[in-house]
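Colleague: Read left to right, the sequence shown gives residues -25 to -1, 1 to 278 (mature numbering (1 follows the signal peptide of the UniProt record, and there is no 0)).
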Amino acid sequence: MKIKALKGMVASVAVSALTAGAVFADDLRIAYTGYSTDNTFWIGVAKSAAAQAEEMGVELIDLTASSADAAAQKDAVDRAINMGVDGIIIGSVDNRAFDASLDNAKRKGIPVVAVDTGIEHEHVASLVQTDNLAAASIAGSYIVDKLDSGSVLILGGSAGHQTGNARRDGVKIAAEAAGHEVIFQICDWQDACAYETTVNFLQSNPDIKAIFSAWDPGALAAVSAATELGKIDDLVIVGFDGNPANLVSIEAGEQAATIKQDNTRMGVEAVTNLIGLIKGEEVPSFTPIDGILITSDNVGDFK
């Protein structure tokens, strides 16, 4: 009789544990901090991540700062950890800024997924990202096909930024392999820098025939600078992101092309992978997403 009673108690505890687990799954809270809330690409990532979280019955807390601020983003990650969230998604401003925070997340068993930009830390279990090197290689090949001669100016992101470096390298390798001189300038993803750099180099170096910007707003800044200098018709300007304003510029014959990132899929995959990690499932350590070349030939398909 005692043995039967004990078995009944064990069964009861097991049922209670399963019930508690189900409640826990329904009450998951995850935090998201993207690059900024004033960037078209990142607005799209945030919207799709929020929609996917809602579909999966998970609360998503968006802690993204209004502008790109590495210190504010690190504080946001620390706040999320102190809140006791079940997982964190980071679209980093500076992918080198999180070591102590991620050490803390590891100690507390809070899984972390990176989106768009890799973060070199052992606790980041999954990266969802455009295959930047391959996509930029497509952009580089497009530029090479359009040029008979001349130099290529590359407007880059931040020093040491994994995403920016891959985009730079894809274009640089293709252009140099075809015999073109490549001029690279760090612009920290700042549109004003892209504009000023374009003005300065176009005035001092008439051999520049193509400009690649590692982000689409920078390409629009280059378009503005080239237009004001009366050189827009002599240049091949290519961006990266596939933002709506850039598609308008391509349709108008100003910007030549852009590489579209599927920011909707990036948000979806980041949330899906994070929930998988929280549940103890195996998820891909790297989810590559193809980039798409948009030119005047196919821009209408993406507007």
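For each residue, glycine too, the CB sits at the ideal point set by N, CA and C. Computed from a predicted model, the values in this text were never measured in an experiment.
1) Between the segment 58 to 71 and the segment 1 to 20, do three or more beta carbon pairs fall short of 8 Å?
2) Is residue 87 helix, strand or coil by DSSP?
3) Looking at residue 214 and residue 163, is the spacing between their C-beta atoms short of 9 Å?
4) Does the Cβ of residue 200 have 16 or more other Cβ atoms within 10 Å, making it buried, or fewer, making it exposed?
5) Near residue 115, what residues of its chain come up, given a Cβ to Cβ distance below 6 Å and the 5 sequence neighbours on each side ignored?
6) On the DSSP bridge list, what partners appear for residue 216?
7) Under three-state DSSP, which class holds residue 302?
8) When DSSP labels each residue in this structure, what does residue 230 get in the three-state scheme?
9) Name the two residues that bound the continuous alpha helix (DSSP H) containing residue 4.
10) Within 10 angstroms of the Cβ of residue 244, are there 16 or more other Cβ atoms? Answer buried if so, exposed if not.
11) Please list, in chain order, all residues of the same chain as residue 125 whose beta carbon is under 6 Å from its beta carbon, the five residues on each side excluded.
12) Can you tell me where the alpha helix (DSSP H) holding residue 113 begins and where it ends?
13) Taking 7 Å as the limit between beta carbons, can you name the residues of its chain near residue 206, skipping five residues before and five after?
14) With residue 263 as the anchor, note down where its beta strand (DSSP E) starts and where it stops.
15) Which value, in whole angstroms, describes the spacing of the CA atoms of residue 216 and residue 104?
16) I'd like to confirm the pairing. Which residues does DSSP put opposite residue 104 in its beta bridges?
17) For my contact list, residue 172 and residue 204 are in at a C-beta cut-off of 8 Å; report their separation, rounded to the angstrom.
18) Which residues in the same chain as residue 79 place their Cβ atom closer than 8 Å to its Cβ, once the five residues preceding and following it in sequence are excluded?
19) Please tell me whether residue 119 and residue 102 are closer than 9 Å, where the distance is taken between their beta carbons.
20) By Cβ distance, which residues of its chain are closer than 6 Å to residue 72, with the 5 residues on each side in sequence left out?
21) In or out: residue 229 buried (at least 16 other Cβ within 10 Å) or exposed?
22) Rank 174, 269, 209 and 42 by C-alpha distance to the C-alpha of residue 280 and give the top, closest one.
23) Does the Cβ-Cβ distance between residue 210 and residue 160 come in under 9 Å?
24) Would you mind working out which of 22, 67, 272 and 43 sits nearest residue 231, comparing C-alpha positions?
25) Could you check the C-alpha separation between residue 35 and residue 223 for me, to the nearest Å?
Modeller: The structure says:
1) As far as the Cβ criterion goes, the segment 58 to 71 touches the segment 1 to 20, which means the pair count is three or higher.
2) Locating residue 87 in the sequence shown gives position 112, counting from the first residue. Residue 87 falls in the strand class under three-state DSSP.
3) Working through the sequence shown from its first residue, we reach residue 163 at position 188. Working through the sequence shown from its first residue, we reach residue 214 at position 239. Taking 9 Å as the cut-off, the Cβ atoms of residue 163 and residue 214 do not count as close.
4) Working through the sequence shown from its first residue, we reach residue 200 at position 225. Around the beta carbon of residue 200, 16 or more other beta carbons sit within 10 angstroms, so the residue counts as buried.
5) One-based indexing of the sequence shown puts residue 115 at position 140. 145, 146, 149 and 150, listed in sequence order.
6) On the sequence shown, residue 216 is found 241 positions in, with the first residue counted as 1. DSSP lists 235 as partners of residue 216.
7) What is shown of the chain runs -25 to 278, which leaves residue 302 out entirely.
8) Residue 230 sits at position 255 when you count from the first residue of the sequence shown. Assigned with DSSP and collapsed to three states, residue 230 falls in coil, not helix or strand.
9) For the purposes of this step, residue 4 is taken as residue 29 along the sequence shown, with counting starting at 1. No alpha helix (DSSP H) contains residue 4, which is instead part of the beta strand (DSSP E) from 4 to 8.
10) By one-based count along the sequence shown, residue 244 stands at place 269. It is buried - the Cβ of residue 244 has at least 16 other Cβ atoms within 10 Å.
11) For this step, residue 125 is matched to residue 150 along the sequence shown. Contacts found: 182 and 184.
12) Looking up residue 113 in the sequence shown gives position 138. Run containing residue 113: 107 to 121, per the alpha helix (DSSP H) assignment.
13) In the sequence shown, the residue the question calls residue 206 occupies position 231. Within the same chain, residue 206 has close Cβ partners 177.
14) Locating residue 263 in the sequence shown gives position 288, counting from the first residue. Element bounds for residue 263: 261 to 264.
15) Residue numbering aside, residue 216 sits at position 241 when the sequence shown is read from its first letter. Residue numbering aside, residue 104 sits at position 129 when the sequence shown is read from its first letter. Their backbone Cα atoms lie some 12 Å apart in a straight line.
16) The residue labelled residue 104 in the question sits at position 129 within the sequence shown. According to DSSP, which records beta bridges pairwise, residue 104 is partnered with 263.
17) Reading the sequence shown from its first residue, position 197 is the one you call residue 172. Reading the sequence shown from its first residue, position 229 is the one you call residue 204. That belief does not hold up - the Cβ atoms of residue 172 and residue 204 are roughly 13 Å apart, past 8 Å.
18) Here residue 79 corresponds to residue number 104 of the sequence shown, with the count starting at 1. Result list for residue 79: 53 and 56, in chain order.
19) Walking along the sequence shown from the start, residue 119 turns up at place 144. Walking along the sequence shown from the start, residue 102 turns up at place 127. Residue 119 places its beta carbon 9 Å or farther from that of residue 102.
20) Position 97 of the sequence shown, counting from 1, holds the residue named residue 72. Listed in chain order, the non-local C-beta contacts of residue 72 below 6 Å within the same chain comprise 45 and 49, local neighbours out to five positions each way being set aside.
21) Taking the first residue of the sequence shown as position 1, residue 229 is located at position 254. Buried is the label assigned to residue 229, since at least 16 other Cβ atoms lie within 10 Å of its Cβ.
22) Summary: the structure shown does not reach residue 280, with the chain confined to residues -25 through 278, and so no result is reported for it.
23) Working through the sequence shown from its first residue, we reach residue 210 at position 235. Working through the sequence shown from its first residue, we reach residue 160 at position 185. Cβ atoms of residue 210 and residue 160: not closer than 9 Å.
24) In the sequence shown, residue 231 corresponds to position 256, counting from 1. Among 22, 67, 272 and 43, the Cα nearest to that of residue 231 belongs to 272.
25) On the sequence shown, position 60 is the one that residue 35 refers to. On the sequence shown, position 248 is the one that residue 223 refers to. Their Cα atoms are separated by approximately 33 Å.
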